[in-house]
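Just so we're aligned, residue 1 is where the sequence shown starts under the numbering used here, counting upward by one. Where is the CB? At the ideal position from N, CA and C, for every residue including glycine.
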Amino acid sequence: MPGDPAPDFTLTQINGSGEVSLTSLLGQPTVIAFFTGW
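Rendered as structure tokens:
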């Protein structure tokens, strides 16, 4: 819901050098973009 905190999640970095979690970005400006190529 707008205004609610996003749940934490972990993703593999695009270069495969590890993982990044949403909580590791706390306090930093963060843009999450979702897209599809349908």
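Apart from the five residues just before and just after residue i, which ones in its own chain have a Cβ nearer than 8 Å to its Cβ?
i: N15; result: none
i: Q28; result: none
i: F35; result: none
Give every residue of the same chain whose Cβ lies closer than 6 Å to the Cβ of residue i, excluding the five residues on either side of it in the sequence, and list them in chain order.
i: L25; result: none
i: F9; result: L22
Is the beta carbon of residue i less than 8 Å from the beta carbon of residue j?
i: T30; j: E19; result: no
For residue i, name the three-state secondary structure that DSSP assigns.
i: L26; result: coil
i: T36; result: coil
i: S17; result: coil
Which residues in the same chain as residue i place their Cβ atom closer than 7 Å to its Cβ, once the five residues preceding and following it in sequence are excluded?
i: M1; result: none
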